[in-house]
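Number of protein chains: 2
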Amino acid sequence: MSDEIRITKKERDALIILGNHIDEEFPVRLVDLSDEMSLKPPTILNLLKRLEDKGYVEREKGMTVLTKSGVSRYREIVENHRILETLMVKNGMDLDRACVISENIDFLIDHESIDNIFEKIGKPSKCPHGRKIEQFHE
Amino acid sequence: MSDEIRITKKERDALIILGNHIDEEFPVRLVDLSDEMSLKPPTILNLLKRLEDKGYVEREKGMTVLTKSGVSRYREIVENHRILETLMVKNGMDLDRACVISENIDFLIDHESIDNIFEKIGKPSKCPHGRKIEQFHE
DNA sequence: CTGACATATTAGGTAAATACTAATAAGATT
DNA sequence: AATCTTATTAGTATTTACCTAATATGTCAG
Chain A
1 MSDEIRITKK
11 ERDALIILGN
21 HIDEEFPVRL
31 VDLSDEMSLK
41 PPTILNLLKR
51 LEDKGYVERE
61 KGMTVLTKSG
71 VSRYREIVEN
81 HRILETLMVK
91 NGMDLDRACV
101 ISENIDFLID
111 HESIDNIFEK
121 IGKPSKCPHG
131 RKIEQFHE
Chain B
1 MSDEIRITKK
11 ERDALIILGN
21 HIDEEFPVRL
31 VDLSDEMSLK
41 PPTILNLLKR
51 LEDKGYVERE
61 KGMTVLTKSG
71 VSRYREIVEN
81 HRILETLMVK
91 NGMDLDRACV
101 ISENIDFLID
111 HESIDNIFEK
121 IGKPSKCPHG
131 RKIEQFHE
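Which chain is which? The protein sequence lines are A and B, in order.
So the first sequence is numbered by the numbering used here: it starts at 1 and just counts up by one.
So the second sequence is numbered by the numbering used here: it starts at 1 and just counts up by one.
Have a look at this one:
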C-alpha cells in the first residue's frame with residue numbers, strides 16, 4: 001500500500017499521453033509525444049528512458065509502449081484524477097480549476113487512499129467531465 | 001488569483017518551520033533549521049537563499065525571519081493543509097494518511113480555490129487535529 | 001582580552017530532472 | 001540513389017538538492 005514508484009509531473013504527463021493512445025492502431029512515436037508535449041525529441045527521449053528505468057514503458061525501434069505496470073499506473077492516475085475532480089467539484093470548486101489542480105496532484109497520492117474516498121462518496125459512475133470512473137484494482 | 005510564486009516541497013517545509021517559530025522569543029538560526037530538517041547547514045543556507053529570492057524571508061547576521069509576504073504564504077499553506085485534511089477525513093480517509101498527503105499538496109494549490117471549499121463545507125472551526133482554522137485573506 | 005567552541009559562510013563537488021542545439025544515424029519514400 | 005523524416009547521441013545549461021572541507025565570525029569562559 002502506497003509504495004508506488006515516485007514519478008515527476010513530466011513523467012506523469014507522458015504516461016497519460018501514452019495511455020490515452022492505447023487503443024489506437026499505431027504506437028506512439030517520439031515525434032508524436034514531442035508534438036503533444038511541446039518538447040524537442042531529445043528531451044522526450046530522456047523522459048522515456050526514465051520511464052523505462054521505472055518499468056513503465058518499453059521501447060523498440062523508436063516505438064514506445066506501456067508495460068503492464070505502466071498501464072496499471074496510468075489507470076490509477078486517471079482514476080485518482082477523476083475522483084479528486086469529483087470531490088472538489090462536489091465541494092464548490094469550479095470544474096476547470098478542479099481539473100488543473102487535479103493534474104498537479106493526481107500522481108502524488110496513492111491510489112488506495114483515493115479509492116477509500118471513492119467508496120465514501122458513493123461510487124459515482126462519472127466524473128464532472130462526464131467520463132466513466134471505473135474502479136481499478138490490480 | 002492563483003498567481004502564487006511556485007515553491008518546492010523543501011521550500012515549503014522550511015517556510016512552515018519558520019512560520020511555526022514566529023511567536024518565539026528568539027529568531028530561528030541556521031542550526032535550528034538544520035536540526036529540524038535533518039539537513040546540513042550549507043544545504044539550508046542554499047534553501048534560504050532561494051526563499052530570499054522569492055521574497056519570503058530576510059536574513060541578517062545569521063538570523064532568518066519571514067517577510068510580510070512570507071507570513072502570508074505560510075498562513076495560506078497552513079490553512080490549505082487544514083482544510084484539505086478536513087475534507088479528506090470527512091470523506092473517509094485515515095487522519096495520519098490525510099496529513100501526509102496534505103503535506104505533499106498543500107503548497108501546490110492556490111489558496112483561493114481552497115477557500116471556496118472551506119465556505120462550502122460549512123467553515124469548520126477546527127481541523128481533524130483539533131487545530132483552529134482561521135480564514136485568511138490578504 | 002584571549003583561546004576554545006559554536007555557528008555561519010564560502011568553495012567546490014555530485015546527482016537527478018528538465019530543457020536545448022547540433023550532429024549523426026537510420027528509415028522510408030519517391 | 002537522393003531526399004526527407006525520424007531517432008539517437010553528444011554536449012551544454014539551469015534548477016533543486018545534497019554533501020564535505022575550509023574559512024570566517026561570534027560568543028563565552030576564564
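No residue lacks a Cβ here, since even glycine has one placed at the ideal position from N, Cα and C.
Cross-chain neighbours of residue i in chain B, by beta carbon under 7 angstroms
i, result
"SER113 of chain A", "MET93, ARG97, ILE101"
Proximal residues to residue i (C-beta, below 7 angstroms), its chain only, five neighbours per side dropped
i, result
"ILE5 of chain B", "LYS54"
"LEU30 of chain A", "PRO41, ILE44, LEU45, GLY62"
"HIS111 of chain A", "GLU76, GLU79, ASN80"
"GLU119 of chain B", "none"
"TYR56 of chain A", "LEU15, LEU66, THR67, SER69, GLY70, ARG73"
Nonlocal neighbours in the same chain, by C-beta distance under 6 angstroms from residue i, ignoring five residues either side
i, result
"GLU58 of chain A", "VAL65, THR67"
"ALA14 of chain A", "LEU47"
"SER102 of chain B", "HIS81, LEU84, GLU85"
Distance CB(residue i)-CB(residue j) smaller than 8 angstroms
i, j, result
"SER38 of chain A", "ARG97 of chain B", "no"
"LYS90 of chain B", "ILE121 of chain B", "yes"
"LEU95 of chain B", "ASN104 of chain A", "no"
Under 8 angstroms from the C-beta of residue i: neighbouring residues of chain A
i, result
"GLU119 of chain B", "GLY92"
Nonlocal neighbours in the same chain, by C-beta distance under 8 angstroms from residue i, ignoring five residues either side
i, result
"PRO27 of chain B", "HIS21, MET63, THR64, VAL65"
"GLY92 of chain A", "none"
"LEU87 of chain B", "ILE117, ILE121"
Cα-Cα separation between residue i and residue j, rounded to whole angstroms
i, j, result
"GLU24 of chain A", "ILE17 of chain A", "12 angstroms"
"ASP35 of chain B", "VAL71 of chain B", "22 angstroms"
"ILE83 of chain B", "GLU60 of chain A", "47 angstroms"
"GLY19 of chain A", "LEU33 of chain B", "42 angstroms"
"ASP106 of chain B", "TYR74 of chain B", "11 angstroms"
"GLU11 of chain A", "ARG50 of chain B", "25 angstroms"
"LYS9 of chain B", "PRO128 of chain A", "29 angstroms"
"VAL100 of chain B", "GLU52 of chain B", "27 angstroms"
"ASP115 of chain A", "GLU85 of chain A", "13 angstroms"
"ARG131 of chain A", "ILE7 of chain A", "25 angstroms"
Where residue i meets chain A, residues with beta-carbon distance less than 9 angstroms
i, result
"VAL104 of chain B", "In the sequence as presented, Val is not what sits at residue 104 of chain B; that position holds Asn. Neighbours of ASN104 of chain B on chain A, chain order: ILE105, LEU108, ILE109."
Chain A contact residues for residue i, given Cβ-Cβ distances below 7 angstroms
i, result
"ASN116 of chain B", "GLY92, MET93"
*Which residues, in chain order, does the segment 60-81 of chain B contribute to contact with chain A at a C-beta distance below 8 angstroms?*
The residues in question: there are none.
*Residues of the segment 13-35 of chain B with Cβ closer than 9 angstroms to any Cβ of chain A, in chain order*: So nothing in the stretch comes that close.
*What residues in the segment 35-53 of chain A have a beta carbon less than 8 angstroms from any beta carbon of chain B?*
Flagged: no residues at all.
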